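Undergrad: Sharing a structure, written as structure tokens. Questions coming.
Protein chains: 6
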Amino acid sequence: MSLVVRNIPRADQAVIDALAGFGVATVHEAQGRDGLLASYLRPIYRPAAIAGSAVTCEVAPGDNWMIHAAVEQCQAGDILVVAPSSPCEDGYFGDLLATSLEARGVRGLVIDAGVRDIAVLTQMGFPVWSRVVSAQGTVKETVGNVNLPLVCAGALVNPGDVIVADDDGVCVVRRQDAAMVAQAAAKREAAEVEKRARLAAGELGLDIYGMRERLAEKGLRWVDEAPAGREP
Amino acid sequence: MSLVVRNIPRADQAVIDALAGFGVATVHEAQGRDGLLASYLRPIYRPAAIAGSAVTCEVAPGDNWMIHAAVEQCQAGDILVVAPSSPCEDGYFGDLLATSLEARGVRGLVIDAGVRDIAVLTQMGFPVWSRVVSAQGTVKETVGNVNLPLVCAGALVNPGDVIVADDDGVCVVRRQDAAMVAQAAAKREAAEVEKRARLAAGELGLDIYGMRERLAEKGLRWVDEAPAGREP
Amino acid sequence: MSLVVRNIPRADQAVIDALAGFGVATVHEAQGRDGLLASYLRPIYRPAAIAGSAVTCEVAPGDNWMIHAAVEQCQAGDILVVAPSSPCEDGYFGDLLATSLEARGVRGLVIDAGVRDIAVLTQMGFPVWSRVVSAQGTVKETVGNVNLPLVCAGALVNPGDVIVADDDGVCVVRRQDAAMVAQAAAKREAAEVEKRARLAAGELGLDIYGMRERLAEKGLRWVDEAPAGREP
Amino acid sequence: MSLVVRNIPRADQAVIDALAGFGVATVHEAQGRDGLLASYLRPIYRPAAIAGSAVTCEVAPGDNWMIHAAVEQCQAGDILVVAPSSPCEDGYFGDLLATSLEARGVRGLVIDAGVRDIAVLTQMGFPVWSRVVSAQGTVKETVGNVNLPLVCAGALVNPGDVIVADDDGVCVVRRQDAAMVAQAAAKREAAEVEKRARLAAGELGLDIYGMRERLAEKGLRWVDEAPAGREP
Amino acid sequence: MSLVVRNIPRADQAVIDALAGFGVATVHEAQGRDGLLASYLRPIYRPAAIAGSAVTCEVAPGDNWMIHAAVEQCQAGDILVVAPSSPCEDGYFGDLLATSLEARGVRGLVIDAGVRDIAVLTQMGFPVWSRVVSAQGTVKETVGNVNLPLVCAGALVNPGDVIVADDDGVCVVRRQDAAMVAQAAAKREAAEVEKRARLAAGELGLDIYGMRERLAEKGLRWVDEAPAGREP
Amino acid sequence: MSLVVRNIPRADQAVIDALAGFGVATVHEAQGRDGLLASYLRPIYRPAAIAGSAVTCEVAPGDNWMIHAAVEQCQAGDILVVAPSSPCEDGYFGDLLATSLEARGVRGLVIDAGVRDIAVLTQMGFPVWSRVVSAQGTVKETVGNVNLPLVCAGALVNPGDVIVADDDGVCVVRRQDAAMVAQAAAKREAAEVEKRARLAAGELGLDIYGMRERLAEKGLRWVDEAPAGREP
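Residue numbers (our numbering), protein chains in the order written: chain S, 1 to 232; chain G, 1 to 232; chain V, 1 to 232; chain U, 1 to 232; chain A, 1 to 232; chain Y, 1 to 232.
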């Protein structure tokens, strides 16, 4: 038996929007270098930067039927997260489904498979992070689950978790941790402002971060010339 | 013995141009989800959307000699389709060959290998779909066939078949089927206009396509909350 | 023991700038089709075209500590070349390090690993050629060598060698050969001007290069129609 | 903060042993075609077939320190499951660690990374399923978690879940479902005995499963000869 | 509409058996270095060496239904050739289907997808060449074609063509060319006997094939010591 | 101009043989975790374990001509190391070349490309480490260098360097360092004997290596139960 779960918890929208602003790299660092989806997920156009609540959708290989069932569960501010039950590169999603999601206020799609109609999606400004671009059509024969936890591109995504996606990739933040992560990200971003200014002024990271001594302790030596015979 | 075949049949130019307008995803669906080349073929710039008659060219690995022989067989409205006899990523094609093809009215290149000079090709507006970008030069030592059928990126291409290529990838349509496929594509596109409007207005695909009953028959259930212990 | 070598020889800046102008494909041909780094190194934005003196930096997997040590060895006109000691796709480099390199007049980064903050790097106009884009953060625990020869993306790079990088990829020119290669590239480029004009005017490469006889000697035949039964 | 969890629940040993007997394909089917780890995990020698309770271990890229911490948490009947926090192919595990695990009665290793000393591991009869074989050594600098849930090769593994591994790959069974899955697998295996006998006697699956009518309903037609012009 | 074609022509069995004896490398050379399927097709056990008449079977991704329909079309001496309509790694085939094929005298399976139950298949001595090993089960929902030409692993295979498969991979020989190719292979093999003996006796290929002069003409020079500064 | 260098220095044969005995993992560690070739080089049969002096050979893609020139430069105790000038998977090497090398006392082949006739090579006991197995034949048209330094599978190999290869992969040791590395490897191996005994007796690496305190300093904590809400 496959299930569509209608009610899922969602994080606070203001927190979600804050996470979008920090971006994937900062959010991922702020939660302890955790939660990245695999780097093969790439945006179909750049720049693109969103965050939203995950509606999860498991599909069979070569079969996009469940995406239609998932659309109904999406609301404004959500991001649809689709993963096939075994590896597949077919073009599960195109401009008609995007039109439907856009009508519901959905912010974008993350799919561990293929997408098509990317010229139209780009014109629409509907962002998608996918494994490949492929025009390959799919069938509608096999059911799967909507809004149950699933592994997408190597990361566990629970329905209602916050998805942050930008040009650097895609990150998932546990719904319960969203506010805490947003705070940590804000702190991290603030700290970077001063560092960026000092680096721009020509100061070295070696000095700002005080690295020289520990590098030496670990065995690093500075020499004026390469010793004879040091090749790779 | 290797052959260059001088005379190949071509589809009607108006049909070819119509196919270009429908795009790869629609054309591929219109002929029964058939004819796609592998999704690793990507355009060197976007957007790009063309169709044309295939002039086929088999090359040896690391050897672009036969492309020079193939150029002579190209005429206005053609697309050159190149495949190596064993996997190779070298940069078989650059701006000089593109200049030559452009002078003959050729619409673009599809190559299951590498291409180079892509900055110039982009400035020229000469579209290429390739496996990789690589500056690696090639030799001119080994002959191959021009205008015999060949497998390119996993699909059989006969000389004179119609190639349709856009941001979604590359599709081949048998020359004899081109008119019929164009008709089917037109029908499909017309049907999508109404659907797109209804989806944009917020109607659900589940309802437009009447999917709910069949989903239930296949075992899908809608529940308000996730049952305990359902994890991926 | 790991080393940071402070003094490295560099090629003449005028020669380096000339190589940047010729581009990767021409330079690679001019030195005998040699010196290309693997084609999986791609620029984070296009167009991008630079040349500079290599400062080399070996890093441990998932550890970007040594990049901080390498920054100090970079000067105006350099390109930082980073390679991990075993395959890694982490995001070793982001906008803070780019700010620091930019402050020193460094022209760009070549890294056989991942990069992040690419939206900001694109805005900054700081070019990077990398294996992947990944937000994955790194630690600072393990030392490596700066300015010793290293293999990056399949090519040996010595400190002070000239790196040429553009939309076609990345090429290395031995420092000692830089002037000679620049001359050969200039000669090659000059020769292409006339050829390009003739090709644009519709002349065939077959004729310009006098290929027909040798093609026939190697067994190529021109026929009007495909013989029966010739399939791929 | 990283954690080592000392106490984890385990499934009944008799159930685990039963699952080992059924093998990966049957177990995966018996639990609804679910739970497979990615097919790139391959055994270092064949045949190999085990099942055991998962002790999970998260490691940093290029750093096998936490495996030493995980060994202490392993007991007889366990399988150690290791996943790096970002993709890495280094050789995290060799004959010394295998000796240590063997001394504790551990049944094998599943690792989404590299393994080395495979000639010795093969002689020892200590089975390993890994992504690659690599001699690349690792450091001991970064801590991670032991016995927290983790994603390994695309599948969520909780500590105490049952791992089933054989020549076909690796499958995870939720600890709570283990008995139920074993029953379903037994039923499935029993049903296959009769089918195998009938198939061996020359009966067709088309007839045994009564497929002909439904195939025809879906549009399949049997013809004596291929119609003209049907090409791929 | 999908088709199962009942009657296909087959090559002479004695010729097929002769081709099996020559092996893939020799047969591929004998027909002009043509007809190899992609090298990612690997045997599940070694050594294995067969030849047979191709029964072709197109399957949907994640759907092995048509294999059941194809089995009925197989007869003694055949090899079943399966290709998915889009890339898929699922385990389409296991020991039950092998039992059925074995009962019909089928010699083996070539599949551009996954296979499972390989421990049993190895015990049975039923050889399979596949893209991957995967336990992933499939559905039975979508029809496809049996005994129409198809592209498998990058090569066109017509029903009734001869498939030759061994430890080196898989090769297809056009049915009409089978006798001619077998003759050429015999000639090639005979020629190698003498060469092998001379090489085993220490004669050099450079001398046996008289290569020295032509190598020199192409610019090769023999020197006693490497010139200064020749690095990669 | 391409060169064949006739005279190359070689390491002491007793040292080479000692390195063969230590194996790849130990040798690589003994020289500071350096010198591994990429892990995609795999032996065609197992077990296999050799060491020898590198004779290097650069080949063009799809062209094995230079291997014939390299054979003449090989002597007893050597290992032939072949790398293509751009990525290629063709089957450059088969049983005839192996017969020739065997007649000269060559110990094996390392090739960053394809190999064929592996059933015969296995029977002969001639070990090969290659990127793929492929029957694809090659031409003899383009010259390259023999016994100049080259990058093979990501590592620099100088002629006369020591190649160590076994089931774990391939490692290069600089000729000048060979004796020193052999000593370090012997020391390392000796140290492992005692550790292996202690581990086999049930002692923990945590205790043998005294890791507990430093793990705790880096933030590792041991807890009896997983805290609530700790998911991947």
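Glycine included, every Cβ here is placed at the ideal spot set by N, Cα and C. Quantities reported herein were computed from a predicted structural model and do not represent experimental measurements.
Quick check on U:Thr142 - is its C-beta less than 7 Å from some C-beta in chain V?
TA: Residue numbering aside, residue 142 of chain U sits at position 142 when the fourth sequence is read from its first letter. Closer than 7 Å to some Cβ of chain V, the Cβ of U:Thr142 qualifies, so yes.
Undergrad: Note down the Cα distance separating S:Ala179 from S:Asp161, rounded to an integer number of angstroms.
TA: For this step, residue 179 of chain S is matched to residue 179 along the first sequence. For this step, residue 161 of chain S is matched to residue 161 along the first sequence. Cα to Cα, the separation comes out at about 12 Å.
Undergrad: Is V:Thr56 helix, strand or coil by DSSP?
TA: Reading the third sequence from its first residue, position 56 is the one you call residue 56 of chain V. Three-state result, V:Thr56: strand.
Undergrad: List the endpoints of the continuous beta strand (DSSP E) containing U:Ala98.
TA: As a working mapping, residue 98 of chain U is identified with position 98 in the fourth sequence. Run containing U:Ala98: none in the beta strand (DSSP E); it sits in the alpha helix (DSSP H), Asp95 to Ala103.
Undergrad: Answer yes or no: does any C-beta atom of chain Y fall closer than 7 Å to that of V:Leu156?
TA: The count along the third sequence starts at 1 and reaches residue 156 of chain V at position 156. Yes, its Cβ sits closer than 7 Å to a Cβ of chain Y.
Undergrad: Strictly below 9 Å CB to CB, what residues from chain V border S:Asp224?
TA: Within the first sequence, numbered from 1, the residue matching residue 224 of chain S stands at position 224. Correct list: Val5, Arg6 and Asn7.
Undergrad: Note the first and the last residue of the continuous beta strand (DSSP E) segment covering G:Val81.
TA: If you number the second sequence from 1, residue 81 of chain G lands on position 81. That run of the beta strand (DSSP E) goes Asp78 to Pro84.
Undergrad: I need the DSSP call for U:Gly219, collapsed to helix, strand or coil.
TA: In the fourth sequence, counting from the first residue as 1, residue 219 of chain U sits at position 219. Note: U:Gly219 maps to coil in three-state DSSP.
Undergrad: The beta strand (DSSP E) that contains U:Gly137, what's its start and end?
TA: Along the fourth sequence, read from residue 1 onward, the residue named residue 137 of chain U stands at position 137. Here U:Gly137 belongs to no beta strand (DSSP E), and DSSP marks it neither H nor E.
Undergrad: Exposed or buried, U:Pro232, counting other C-beta atoms within 10 Å across all chains shown (16 or more means buried)?
TA: For the purposes of this step, residue 232 of chain U is identified with residue 232 of the fourth sequence, where counting begins at 1. With a pLDDT of only 49 at U:Pro232, under the threshold of 50, the placement of this residue in the model should not be trusted; the figure read from the coordinates follows. Per the 10 Å Cβ criterion, buried.
Undergrad: Measure the beta-carbon distance from G:Val173 to G:Val27 and round it to whole angstroms, keeping in mind my assumption that it falls under 8 Å.
TA: As a working mapping, residue 173 of chain G is identified with position 173 in the second sequence. As a working mapping, residue 27 of chain G is identified with position 27 in the second sequence. Right, the Cβ-Cβ distance comes to about 6 Å (below 8 Å), so this counts as a contact.
Undergrad: Spatial neighbours of Y:Val223 within its chain, please: CB distance less than 8 Å, with the 5 preceding and 5 following residues excluded, ordered by chain position.
TA: Here the question's residue 223 of chain Y lines up with position 223 in the sixth sequence. The answer is none, since no qualifying residue turns up.
Undergrad: Determine the direct distance from the alpha carbon of V:Val15 to that of A:Pro87, and round the result to whole angstroms.
TA: If you number the fifth sequence from 1, residue 87 of chain A lands on position 87. If you number the third sequence from 1, residue 15 of chain V lands on position 15. So the two alpha carbons sit approximately 48 Å from each other.
Undergrad: In chain order, what residues of the same chain lie with their CB nearer than 6 Å to the CB of A:Ser39, ignoring the 5 residues before and after it?
TA: Counted from its first residue, the fifth sequence places residue 39 of chain A at position 39. The residues are Gly169.
Undergrad: When the Cα atoms are used, what is the spatial distance from A:Ala184 to A:Lys140?
TA: Reading the fifth sequence from its first residue, position 184 is the one you call residue 184 of chain A. Reading the fifth sequence from its first residue, position 140 is the one you call residue 140 of chain A. Each residue's Cα considered, the two are about 43 Å apart.
Undergrad: At a Cβ cut of 8 Å, what residues of the stretch 109-140 of chain U count as close to chain Y, listed as they run along the chain?
TA: Within the stretch 109-140 of chain U, the qualifying residues are Gly114, Arg116, Asp117, Ile118, Ala119, Thr122, Val132, Val133, Ser134, Ala135, Gln136, Gly137 and Lys140.
Undergrad: Buried or exposed, going by whether 16 or more other CB atoms sit within 10 Å of the CB of S:Asn158?
TA: Along the first sequence, one-based indexing puts residue 158 of chain S at 158. Result: buried.
Undergrad: Using only CA atoms, which one of U:Gly137, U:Arg214 and U:Glu89 lies nearest to Y:Arg33?
TA: Residue 33 of chain Y sits at position 33 when you count from the first residue of the sixth sequence. Minimum Cα distance to Y:Arg33 is reached at U:Gly137.
Undergrad: Note down, in chain order, all residues in the stretch 147-178 of chain V with a beta-carbon under 8 Å from any beta-carbon belonging to chain S.
TA: Hits within the stretch, in order: Asn147, Leu148, Pro149, Leu150, Val151, Leu156 and Pro159.
Undergrad: Let me know the alpha helix (DSSP H) ranges lying completely inside the stretch 103-132 of chain S, each 4 residues or longer, listed in chain order.
TA: With a minimum length of 4 residues, the continuous alpha helix (DSSP H) runs that stay inside the stretch 103-132 of chain S are 118-124.
Undergrad: Assuming U:Ile279 and U:Val133 form a contact by the criterion Cβ under 8 Å, report the distance between their Cβ atoms to the nearest whole angstrom.
TA: In the structure as shown, chain U begins at 1 and stops at 232. Residue 279 of chain U is therefore absent and cannot be evaluated.
Undergrad: If you measure beta-carbon to beta-carbon, which residues of the stretch 74-103 of chain U are closer than 8 Å to chain Y?
TA: Cβ contacts with chain Y come from Glu89, Gly91, Gly94, Asp95, Leu96, Leu97, Thr99, Ser100, Glu102 and Ala103.
Undergrad: Going by DSSP, which residues form a beta bridge with Y:Leu156?
TA: On the sixth sequence, position 156 is the one that residue 156 of chain Y refers to. Partner(s): Y:Val151.
Undergrad: Taking V:Asp12 as the reference, which of V:Asp177, V:His68 and V:Asp167 has the closest Cα?
TA: Position 12 of the third sequence, counted from the start, is the residue given in the question as residue 12 of chain V. Ranking V:Asp177, V:His68 and V:Asp167 by Cα distance to V:Asp12 puts V:Asp177 first.
Undergrad: For U:Arg214 and G:Pro61, I'd like the C-alpha separation in whole angstroms.
TA: By 1-based counting over the fourth sequence, the position of residue 214 of chain U is 214. By 1-based counting over the second sequence, the position of residue 61 of chain G is 61. Cα to Cα, the separation comes out at about 47 Å.
Undergrad: Return the chain-ordered ranges of every beta strand (DSSP E) run that is complete within the stretch 168-212 of chain A and spans a minimum of 3 residues.
TA: Those beta strand (DSSP E) runs which fall completely within the stretch 168-212 of chain A and span 3+ residues are 169-173.
Undergrad: Could you tell me which residues DSSP pairs with G:Ala165 in its beta bridges?
TA: Translated into positions along the second sequence, residue 165 of chain G becomes position 165. Paired residues: G:Ile50 and G:Val170.
Undergrad: Would a check of beta-carbon distances place U:Ala201 closer than 7 Å to chain V?
TA: To locate residue 201 of chain U, count along the fourth sequence from 1; it is residue 201. Judged by the 7 Å Cβ criterion, U:Ala201 is not in contact with chain V.
Undergrad: Given this structure, state the Cα-to-Cα distance separating Y:Val81 from V:Trp129, to the nearest angstrom.
TA: The residue given as residue 81 of chain Y occupies position 81 in the sixth sequence. The residue given as residue 129 of chain V occupies position 129 in the third sequence. Their backbone Cα atoms lie some 30 Å apart in a straight line.
Undergrad: Please report the residue range of the beta strand (DSSP E) in which A:Leu3 lies.
TA: Taking the first residue of the fifth sequence as position 1, residue 3 of chain A is located at position 3. Segment Ser2 to Val5, the beta strand (DSSP E) holding A:Leu3.
Undergrad: Contact criterion: CB-CB distance below 7 Å. Does G:Gly62 meet it with respect to chain Y?
TA: Here the question's residue 62 of chain G lines up with position 62 in the second sequence. Judged by the 7 Å Cβ criterion, G:Gly62 is in contact with chain Y.
Undergrad: Around the Cβ of V:Ile8, are there at least 16 other Cβ atoms within 10 angstroms (buried) or fewer (exposed)?
TA: Position 8 of the third sequence, counted from the start, is the residue given in the question as residue 8 of chain V. Classification for V:Ile8: buried.
Undergrad: Can you tell me whether S:Ala182 is buried or exposed? The criterion is at least 16 other CB atoms within 10 Å of its CB, across all chains shown.
TA: Working through the first sequence from its first residue, we reach residue 182 of chain S at position 182. S:Ala182 is buried by the Cβ-count criterion.
Undergrad: Does chain S have any CB closer than 7 Å to the CB of G:Leu41?
TA: In the second sequence, residue 41 of chain G corresponds to position 41, counting from 1. It does not; no Cβ of chain S falls within 7 Å.
Undergrad: DSSP on A:Ala146, reduced to helix/strand/coil?
TA: Within the fifth sequence, residue 146 of chain A is the residue found at index 146, counting from 1. The question names Ala, but residue 146 of chain A in the sequence shown is Val. Of the three classes helix, strand and coil, the one that applies to A:Val146 here is strand, per DSSP.
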